[in-house]
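Down below is the structure, laid out as structure tokens.
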Amino acid sequence: MKKVVFITGISSGFGKSTAEYLDQKGHVIYGTSRKEIETDHRINVLKADITDIDSVKAAVETVLQKEGRIDILINNAGMGISGPVETALTDDIRLQMRTNFMGAVNVIQSVLPAMRGQKSGTIINISSIGGLMGLPFQGFYSASKFAIEGMSEALRMELKPFNIKVVVIRPGDFFTSFTSNRKADENISVNNPYEPQFRKSMSIIETDEKGGMKPEFFARKLAQIIEKKNPGSTYIISTAEQKLAVVLKRILPDALFAGILGSHYGIK
Ligand SMILES: NC(=O)c1ccc[n+]([C@@H]2O[C@H](COP(=O)([O-])OP(=O)(O)OC[C@H]3O[C@@H](n4cnc5c(N)ncnc54)[C@H](OP(=O)(O)O)[C@@H]3O)[C@@H](O)[C@H]2O)c1
């Protein structure tokens with residue numbers, strides 16, 4: 579059945595591929611970007627910065643005026659900062675949380691009155707495998723996704739009486755603009771005791787991402803989830819190896835798991 583989909587961050591990566599694939603499948607797509615973008619699909623592009631609640635509300639209002647409903651919200655827009663927890667700049671930490679966490683909250687709060695009125699809807703929050711385990715030098719990125727995870731668990735229960743579903747997606751490594759858009763700690767080269775380890779671990783992280791899966795695969799998987807009558811609460815979209823890491827995190831003692839994960843990132 580044709581659905582009205584509101585998706586944030588469609589200028590690249592998951593957002594672009596998902597918007598295009600869902601459009602091909604006949605859904606009605608409204609996607610946000612902070613910049614002017616061209617699309618040869620039937621995607622309706624709306625300008626919005628998810629950190630600016632007024633721009634989000636205006637975008638949501640446009641969809642409601644045109645379609646009268648929003649069936650699916652995909653909270654996709656996001657970015658990452660990298661650096662040691664100790665030396666991270668407060669402004670960078672704020673940017674991370676304001677975008678990945680508060681940004682998603684802004685969109686959820688703007689869409690929910692309409693979904694409650696409809697007594698239906700699905701909210702899809704894009705978390706990360708990094709939202710299930712802290713990744714070295716990605717501490718605040720992981721924190722932003724852990725925050726999404728916790729908020730989504732609570733929201734799922736709050737929205738049950740209104741027949742609104744909350745689905746959390748945890749992608750593994752994919753090759754998108756996420757890697758080049760990552761903002762590195764500007765303090766890293768200034769006598770920073772973490773610098774050698776930071777560079778080593780980040781190079782492994784970036785190699786994993788650049789060798790990651792294509793966003794088109796993500797889009798197909800997400801479309802299957804959206805088209806389910808009763809989607810599950812959480813999904814991991816990743817390689818088998820990354821799924822195994824999630825299982826190991828659940829079953830192994832914390833210190834043992836941290837040792838295994840740390841050694842993957844070159845930490846002795
Ligand atoms: N790639 C991966 O391996 C991976 C793995 C796990 C989770 N994720 C998550 O997947 C989501 C999408 O990432 P991606 O890999 O597709 O990265 P991407 O290619 O860098 O795309 C990110 C999108 O977010 C938008 N965005 C960033 N800040 C925004 C803001 N303040 N307001 C509105 N839009 C904003 C960007 O749009 P504009 O700059 O055009 O506004 C862009 O369209 C993110 O939440 C990310 O954390 C990615």
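Our numbering applies: residue 579 is where the sequence shown begins, and numbers increase by one. A virtual CB, placed ideally from N, CA and C, is assigned to each residue, including glycine.
Item to check | Integer Cβ distance of M693 from I726, believed to fall under 8 Å | outcome: Cβ-Cβ separation between M693 and I726: approximately 18 Å, too far for a contact (criterion under 8 Å).
Next on the checklist: Quick test of your reading: G653 and S722, contact by CB under 8 Å. State the CB separation rounded to the nearest angstrom.
Outcome noted: What sits at residue 653 in the sequence shown is Asn, not Gly. That pair is no contact at about 12 Å.
Item to check | N894, DSSP secondary structure in three states | outcome: Residue coverage of the chain in this structure runs from 579 to 846, which leaves residue 894 outside it and unanswerable.
Checklist entry - For A589, which three-state DSSP category applies? => result For clarity, residue 589 is Ser in the given sequence; the question names Ala instead. In this structure, S589 counts as coil in the three-state DSSP scheme.
Checklist entry - Exposed or buried, which one is S767 when buried takes at least 16 other CB atoms within 10 Å? => result With fewer than 16 Cβ atoms within 10 Å of its Cβ, S767 is classed as exposed.
Checklist entry - When the Cβ atoms of the stretch 622 to 633 are set against those of the stretch 827 to 837, are three or more pairs found closer than 8 Å? => result Contact between the stretch 622 to 633 and the stretch 827 to 837 is absent, because fewer than three Cβ pairs lie under 8 Å.
Checklist entry - Helix, strand or coil: how does DSSP classify Y608 here? => result In this structure, Y608 counts as strand in the three-state DSSP scheme.
Checklist entry - In or out: K594 buried (at least 16 other Cβ within 10 Å) or exposed? => result By the beta-carbon neighbour count (other beta carbons within 10 angstroms, threshold 16), K594 is buried.
Item to check | Test item: CB-CB of I707 and A818 under 9 Å | outcome: For the pair I707 and A818, the CB atoms are not nearer than the 9 Å cut-off.
Checklist entry - Under the three-state reduction of DSSP, which class applies to T785: helix, strand or coil? => result Look at T785 here: in three-state DSSP terms it is helix.
Next on the checklist: So, for I803: in the same chain, excluding its five sequence neighbours on each side, which residues have a beta-carbon less than 7 Å away from its beta-carbon?
Outcome noted: Contacts found: V745, P809, Y813.
Next on the checklist: Going by DSSP, what residue range makes up the beta strand (DSSP E) through R748?
Outcome noted: 742 to 749 is the extent of the beta strand (DSSP E) around R748.
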